[in-house]
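Have a look at the structure below, then the notes.
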Amino acid sequence: VEYRRLVRLLKARRCELGFTQSDVCSCMGLTDNLINRWENFRRFPKGPMLIRWAWELGLHVIVGLPSLDYTPVTDKVLEHTIKKLEGRHTGAQKAPTRAEDAP
256 VEYRRLVRLL
266 KARRCELGFT
276 QSDVCSCMGL
286 TDNLINRWEN
296 FRRFPKGPML
306 IRWAWELGLH
316 VIVGLPSLDY
326 TPVTDKVLEH
336 TIKKLEGRHT
346 GAQKAPTRAE
356 DAP
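Going letter by letter, the sequence shown gives residues 256 to 358 in the working numbering.
Right under this line is the structure:
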């Protein structure tokens, strides 16, 4: 997975959980604006910090060999997940299409 997509996923997850960038920095013992720099691609965390960042948000990073675990389907699933999470934190909700799906 390319770095920018992973960061988008982490940012969407942070927003979904209702955490501010400062909240995450505090949990990780980082300066207040470091997550902002990471999320805006001005700085890049090294591997262990990237894994810790994901862990603080309840996610796990699995490192594998791209030739063995990557497929176009993996790419589409990840993109769908990111869009779904981004939609949740903006308040955009899809209306139920069937009566039994309504609350």
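Note that beta-carbon positions come from the ideal geometry of N, C-alpha and C, so glycine has one too.
Expected contact under 8 Å - CB spacing of residue i and residue j to nearest Å
i: valine 363; j: arginine 269; result: Only positions 256 to 358 of the chain appear in the structure, and residue 363 is not among them; the question remains open.
i: valine 316; j: leucine 305; result: 7 Å
i: phenylalanine 299; j: arginine 259; result: Not really, about 10 Å apart at Cβ, beyond 8 Å.
For residue i, the first and last residue of its enclosing alpha helix (DSSP H)
i: aspartate 278; result: 276–283
i: isoleucine 317; result: First-last for isoleucine 317: undefined, no H or E at that position.
i: arginine 259; result: 258–272
i: glycine 302; result: 302–311
i: arginine 298; result: Per DSSP, arginine 298 belongs to no alpha helix (DSSP H) and is neither H nor E.
When the options are compared against residue i, the one with the closest alpha-carbon
i: isoleucine 337; options: Arg259, Arg263, Asn291, Asp287; result: Arg263
i: leucine 314; options: Glu294, Leu265, Met304; result: Leu265
i: leucine 312; options: Arg298, Phe274, Glu334; result: Phe274
i: leucine 340; options: Leu289, Phe299, Leu272; result: Leu272
Straight-line gap, residue i to residue j (C-alpha atoms, nearest Å)
i: alanine 309; j: glycine 302; result: 11 Å
i: glutamine 276; j: lysine 331; result: 27 Å
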